[in-house]
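One structure below.
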Amino acid sequence: METLEKYFSKGESREEQSLVKESEAFQELFYKPNLATNLTKAYLVGAGYDGEKHLAFLKLYEPEEGKIYIWYDDSFHKPYCFSKQSIQELQLNEALIKHEGFEKFEEEEKYDALEDKKVKVTKIIAKDPLSIGGKPSGSIRDILKAWEADIKYTECYIYDKGLIPGMPYKVENGKLIPIEYSLNPQILNAIKNALKDDVNNLDLLLNWAKLLECPVPKFLRAAVDIEVYSPIATRMPSASEAEYPVICASIVGVDGEKKVFLLKRENIQEGDAPLPNETKVIYVNDERKLLLELFKAMLKYPFILTFNGDDFDLKYLYNRAKKLGFPKESIPIELGRESASVIHGIHIDLYKFFFNRSIQIYAFNQKYRENTLDDVGKALIQFGKKEIQKPISELTYSELAAYCLTDSIITLNLTTFNDSLVMKIIMALSRIAVMPMEDVSRQGVSNWIRSMLYNEHRKRGYLIPRSDDILSLKGVTATEAVIKGKKYKGAIVVEPLQGIHFNVAVLDFASLYPSIIKVWNLGYETILCPHEECKSNKVPGTPHWVCTKKRALESLLIGSLRDLRVKWYKVKAKDKTLNEETRNLYAVIQSALKVVLNASYGVFGAETFSLYCPPVAEATAAIGRYIITKTIEKAKELGVNVVYGDTDSIFLGNPTEEQLKELINWSKSTLKMELEVDKWYRYVALSSRKKNYLGVYKDGTVDIKGLTGKKRHIPEFLKRAFYEMIQILSQVETKEEFNEAKEKIKKIVKDCYFNLKNRKYSLEDLAFKIVISKPPKGYVKTTPQHVKAAQLLESKGIEIKPGDLISFVKVIGDLGVKPTSLASIEEVDTRKYVEYIESTFEQVLDALGTNLSELIGHTKLEAFFEG
DNA sequence: GCGGACTGCTTACCT
DNA sequence: ACAGGTAAGCAGTCCGCG
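Below is the structure:
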């Protein structure tokens, strides 16, 4: 049996016994920033505002030393906003003139894109950011109609100085100088060549390429995790109260350092849970010492990673340290309203990053479904949380250490796997969004796009429009949505032609909506523009028109990013002549671009987007409908059988190469849209349902879309039976072979039914697993089954939070359901499960031109087997 | 008082 | 806090029924 002895660093642990004089110990933690006076190469990773010095500052990361340097603004840049009133008029505004934060006026000329004309504006300069906006009342933006008054000051600073977060800079005698990155001539030529069709915005495009191709440094980082004592096992201690002691903390560095700090408590056994070899286990008698040592260890790493550190770990540490009498300056943590930062560097909360829906779907292809460290870890690095059988507070020292350490290891590894993929994505997004890493990793895609567009406005001297002005000028939609309560009509789904179709080509438009925004010049300034002569340039299917005189910034930016992704990064990511590392890099960039592009249409229809402009979104969707409709017409004209289509794709039954070529060329020349062959199926099984099909590729791999058997809430036993059926269908090559397949499917259904009736399946197999999206009390209109189950769990004292996965089985009785953990196999309502078997299989049999009753010869499974 | 038709709610999915 | 469209199952309501 191994004991913890070997992990002890004997000397250190003796030292722990006698606490150094406290004040001296705290002194060690007092943060002394490294000031940037001369640096040869450092990356811009953060920005802030120093309230005492009244100066903006930047955080520059020097990767050779692994240190962060602080650089203070040397231009006396001040926060400001704009007014359309003249200085003379504003002079009469007493509240403004006498405002304690007001400094001075300056006259400026800006381009007002909403009106398409130059405007004279007055720049109202303030002494500090809060005076512009942010005070509970009486900020300058509250006393008059102001423009650009709700941009975060650090962002404002970054845009004005032309800085790009994530890019390298040097400092010479205190002066900050960008390090120009130039593309190597070979790459430059290759890009030019790939994009030769789009010469008009080549410069913009090459500028993006420079940002994206510029190498990313290695980040000296460590993951931190803590465990807190809790008197009630099922309850998470509150981070704002920080009532209970931190009993364990771990820190795992990318340099291999692994430390676990354990608080000595009474009646806790050492235990014999194994730990990784180089782990340093440090026991302390005093919780203050534990925090002190952890803080000291954190200070060595400029980048601190956590999983939910904003809301828990760092928040808890900060509040706990204060409670234990730490002087404020000795706590290397600062709490914001919704985040926690580390004073000496950068804190990245990976929970926030992985929780981001766009990241989850487009960057990681829905590989993880729940937003727990366990689920994300298992999905991305095949490494889940340590399983524990007891509450945290009852674990032995070694179990606790192993548990806590594992969390930090997973957290760190989530940023190291695949050649630090996650760090690279964050850097790429940081550069595209012109937003520091800490913000980009916490905020959603609509804020990234906002920041990208704001920066471009500033760069070009555009006045950033107020949301209410956009809305009052261009807030109206003209189409009616199919779904009640939606703002406008969306995409078309083609009625599927039920049955089996062999040799089906699936064509789709590459990035349809971004292409539309590019080709049709869509943006808040060009839709419903003020020019009489543009009014005839109508968006099909709507009364809206689009400007013919000015190019919209959105169209320009989204268009160039789209071209770069489709024609360069996507192609290079698949280029087998490149080595794996290079290909990977291209893949990372293309997926970051994908995340941004996929949202670029939706944001215009999202009220929370600061450039919200519903007719832009409506026009995009309308043009999409026009394009797919015209394409289907053309295909039919060419004599091709269109069997299905959805939004940007059409499924063509057995087309000739000639027909495909003609259709693709027609699309390019007539619609200005790039249509391409995306997939080629050996056969597709279409039921009568939309968004619901099974496609088998020539090599036998299968695409399953929308079928019940694939949905993640369905019981495991049914999923297994479903996939057995898929396995059989994947082997079918010809029409004739379906008969044989049907026989095999019949057997699967039969087996499934008998196992169910004879209660051969475990409760786990029978469990439905449904996410509860609100707290159980939040369901006032109806009480769905998973909520009933959740209520039962709550009555047993189990905490249920939004986002939890509720596992329940269907049972006989009034409620009809029970949580899996509280049910027994005898009370299972098999009839309900039989209905599920029926409907799951019917979906596929429907497409095969048969059904269960035909297959089995009876109308109901039950009747057939019982009879 | 009960069952069928209907609407609305909720979740999971597709593009 | 990116959008709209679709499938499925269940909850709840209304209506007819001497």
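Anchor point for the first sequence: position 585 equals 600 in the working numbering, and the numbering is continuous, going up by one each time. The beta carbon of each residue, even a glycine, is placed where N, CA and C say it ideally should be.
May I ask which residues mark the beginning and end of the beta strand (DSSP E) holding residue i?
i      : result
Phe117 : Phe117 to Asp127
Gly574 : No beta strand (DSSP E) contains Gly574, which is instead part of the alpha helix (DSSP H) from Leu568 to Leu579.
Glu409 : Glu409 -> no beta strand (DSSP E), and no H or E assigned at all.
His728 : That residue, His728, is in no beta strand (DSSP E); it is neither H nor E in DSSP.
Gly668 : Ser664 to Gly668
Val786 : Phe783 to Val786
Lys274 : Lys273 to Leu278
Trp463 : Trp463 -> not in any beta strand (DSSP E); alpha helix (DSSP H) instead, spanning Val460 to Lys474.
Where does residue i sit, in a helix, a strand or coil, going by DSSP?
i      : result
Glu30  : For Glu30, the predicted model reports a pLDDT of 43, less than 50, meaning its position is unreliable; a value from the coordinates is still stated below. Three-state result, Glu30: helix.
Asn613 : helix
Ser24  : Note that Ser24 scores 39 on pLDDT, short of 50, meaning its location in the model is unreliable; the coordinates nonetheless yield the value given after this. It is coil, neither helix nor strand.
Ala355 : strand
Leu145 : helix
Glu302 : helix
Val449 : coil
Val586 : helix
Pro336 : Checking the displayed sequence, the identity of residue 336 turns out to be Ala instead of Pro. Of the three classes helix, strand and coil, the one that applies to Ala336 here is helix, per DSSP.
Phe524 : strand
Arg697 : strand
Leu867 : helix
Asn433 : helix
Considering only their Cβ atoms, is the gap separating residue j from residue i smaller than 8 Å?
i      : j      : result
Ile532 : Tyr616 : yes
Arg250 : Glu809 : no
Pro730 : Leu686 : no
Tyr333 : Ile348 : yes
Ser435 : Val239 : no
Ile719 : Met740 : no
Thr294 : Leu410 : no
Glu569 : Gly538 : yes
Leu105 : Thr137 : yes
Ser356 : Phe45  : no
Ser526 : Val581 : yes
Glu130 : Pro545 : yes
Arg727 : Arg384 : yes
Val658 : His516 : yes
Ile871 : Asp819 : no
Thr662 : Ala496 : no
Lys492 : Glu633 : It should be noted that the sequence gives Thr, not Lys, for residue 492. Yes; because the gap between Cβ atoms is below 8 Å, this pair is in contact.
Lys789 : Pro817 : yes
Leu478 : Lys125 : yes
Leu733 : Thr855 : yes
Pro180 : Val275 : no
Val437 : Ser373 : no
What residues in its chain sit with their C-beta under 8 Å from that of residue i, if we drop five residues either side in the sequence?
i      : result
Leu675 : Ala520, Leu522, Leu667 and Val692
Ser777 : Ile840
Ser745 : Val711, Gly715, Thr716 and Val717
Asn5   : Residue 5 lies beyond the stretch modelled for the chain, which goes from 16 to 882, so this question has no answer here.
Ile895 : Summary: the structure shown does not reach residue 895, with the chain confined to residues 16 through 882, and so no result is reported for it.
Under 6 Å Cβ to Cβ from residue i, same chain only, skipping five residues before and after it: list those, please.
i      : result
Lys591 : none
Lys47  : none
Gly721 : Lys706 and Asn707
Thr563 : Cys549 and Asn552
Leu306 : Ala336
Tyr528 : Tyr616 and Thr635
Would you kindly report the start and end of the unbroken alpha helix (DSSP H) that includes residue i?
i      : result
Phe45  : Phe45 -> no alpha helix (DSSP H), and no H or E assigned at all.
Ala637 : Pro629 to Glu652
Leu75  : Where Leu75 is concerned, there is no enclosing alpha helix (DSSP H), although the beta strand (DSSP E) it sits in stretches over Leu70 to Glu77.
Lys761 : Glu752 to Lys772
Tyr712 : Taken as a continuous stretch (DSSP letters only), Tyr712 belongs to no alpha helix (DSSP H), being part of the beta strand (DSSP E) at Tyr708 to Tyr712.
Asp175 : Tyr168 to Asp175
Go through its chain and collect everything with a Cβ distance to residue i's Cβ below 7 Å, but skip five positions before and after it.
i      : result
Trp223 : Ser575, Leu576 and Leu579
Ile650 : For clarity, residue 650 is Ala in the given sequence; the question names Ile instead. Closer than 7 Å at the Cβ level, and outside the excluded window around Ala650, lie Val657, Ile665, Leu667 and Leu678.
Met467 : Ile447, Ala448, Val449 and Leu572
Phe823 : Ala782, Phe783, Gln800, His801, Ala804, Val832, Lys833, Pro834 and Thr835
(message) Going residue by residue through the region 183-269, where are the continuous beta strand (DSSP E) segments of at least 3 residues, counting only ones entirely within it?
(response) 183-187, 190-193, 236-243 and 261-268
(message) Runs of 3 residues minimum, wholly inside the region 800-854: which ones carry the beta strand (DSSP E) assignment?
(response) 820-825 and 832-834
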